[in-house]
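Right, one structure below, let's go through it.
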């Protein structure tokens with residue numbers, strides 16, 4: 510529709526015919542520099558007149574916008590049904606008979622139920638809801654019966670093996686989850702695999718008393734010769750930063766070894782036992798705990814090989830009367846006496862610390878409040894409790910966070926066991 514002519518003036522002119530319009534002119538990059546005096550003249554378009562009288566754009570004035578919208582939606586739904594692209598038409602696997610009719614009646618029943626639950630509802634709303642729900646249940650029952658009847662009819666009237674087995678597969682039961690594993694299978698599987706962290710409870714230096722003043726004199730010596738805590742690791746047996754640090758800030762870590770921490774550890778331990786006793790019988794933590802208790806009752810009382818012996822030792826030290834709890838693994842019985850045993854344990858620790866602190870040769874500042882234990886560190890019981898919580902964490906894969914007076918101690922299953930880093934014990938590394 511566009512013509513190109515060359516004249517003697519050495520430039521090109523573009524012009525259109527009488528019944529056409531030039532909307533776009535193309536040129537290449539090389540020829541863009543040869544275009545001069547480009548001008549678009551004013552023309553009269555005839556495109557609007559053609560569209561005004563075209564039969565394709567004629568609209569019936571009687572049709573409203575709502576009618577046009579309904580026709581458009583009907584056409585879209587019809588096309589979606591033919592292409593199987595509808596939303597919400599895929600029934601669940603166990604309810605192949607569930608279709609849109611059931612879905613609509615369920616919506617009606619739920620709507621009537623919301624009306625009935627409103628504060629200003631009356632008996633009529635209740636009757637309407639019951640009727641809607643009854644209609645929904647009856648429709649589902651009929652749909653299900655007809656669906657099964659159609660399948661049986663296909664099985665009886667089929668002539669090909671492919672159609673027969675296709676109909677049979679519709680009756681197959683395909684559960685989404687596997688049945689639970691029996692407790693006996695768990696116990697057989699973990700008999701040779703499960704082994705808690707082993708530590709040696711007996712050591713000559715475990716019960717040695719040490720004070721903060723002695724720690725300070727070890728760190729700060731004359732001439733600022735920082736020898737570090739060379740002897741403290743043998744006494745404290747702790748795998749913390751204080752072993753390698755040579756500054757006074759290492760004393761902050763030592764505040765973890767106090768009475769509140771020991772009580773907190775036993776509270777968490779007792780709470781863990783109650784939690785284990787409440788879970789199902791086929792869970793691994795409960796199986797391991799019951800197995801350890803039975804091993805203790807059968808004569809394995811050394812906590813080097815059975816960490817449940819530490820729990821029994823704690824009960825015997827606080828109140829031997831409650832040793833019968835090991836024969837009664839009931840969560841309610843353990844929950845009743847837990848707080849009482851921990852209270853007795855705190856009093857015993859306070860009495861022991863008071864006796865040792867009075868006879869301590871390195872105590873430079875007198876203790877005013879012995880219950881707070883601001884100066885004396887009893888390293889025997891806290892380390893035993895830390896070891897117990899660590900073994901429990903390894904046995905059940907539970908993370909333990911122990912905090913006392915603003916200081917916290919974390920046992921994370923993703924980290925290596927602190928007991929396995931000690932050079933003084935016969936340990937078994939657990940990953």
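Numbering (my numbering), first residue to last: 510 to 940.
C-beta atoms are modelled at their ideal positions from N, C-alpha and C, and glycine is treated no differently.
Rounded separation between residue i and residue j - CA only
i	j	result
residue 967	residue 783	The displayed coordinates of the chain run from 510 to 940. Any statement about residue 967 would go beyond what the structure contains.
residue 802	residue 816	9 Å
residue 779	residue 828	15 Å
residue 773	residue 793	25 Å
residue 842	residue 694	28 Å
residue 619	residue 626	11 Å
residue 605	residue 656	8 Å
residue 826	residue 851	11 Å
residue 630	residue 609	29 Å
residue 708	residue 678	In this prediction, residue 708 scores a pLDDT of 42, lower than 50, which makes its location untrustworthy; the coordinate-derived value is nonetheless stated afterwards. When rounded, the distance between both Cα atoms is 58 Å.
residue 660	residue 624	39 Å
residue 884	residue 824	Only weak support is given to the placement of residue 884: the predicted model assigns it a pLDDT of 35, under 50, and the question is left unresolved by the model.
residue 844	residue 836	15 Å
residue 541	residue 575	52 Å
residue 586	residue 647	28 Å
residue 638	residue 645	11 Å
residue 612	residue 669	35 Å
residue 847	residue 822	14 Å
residue 877	residue 834	With a pLDDT of 41 at residue 877, under the threshold of 50, the predicted position of this residue should be treated as unreliable, though the coordinate-derived value follows. Using only the alpha carbons, I get a separation of about 38 Å.
residue 665	residue 588	35 Å
residue 651	residue 791	41 Å
Endpoints, alpha helix (DSSP H) assigned at residue i
i	result
residue 792	Segment: none, residue 792 is in no alpha helix (DSSP H) and carries neither H nor E.
residue 654	632 to 666
residue 544	From DSSP, residue 544 is part of no alpha helix (DSSP H); its letter is neither H nor E.
residue 818	817 to 827
residue 613	609 to 626
residue 576	574 to 592
residue 675	670 to 678
Exposure label - residue i; buried when at least 16 CB within 10 Å
i	result
residue 544	exposed
residue 808	exposed
residue 581	exposed
residue 621	buried
residue 538	exposed
residue 858	buried
residue 577	exposed
residue 849	exposed
residue 592	exposed
residue 583	exposed
residue 806	exposed
residue 830	exposed
residue 674	exposed
residue 534	exposed
residue 832	exposed
residue 641	buried
residue 853	exposed
residue 658	exposed
residue 820	buried
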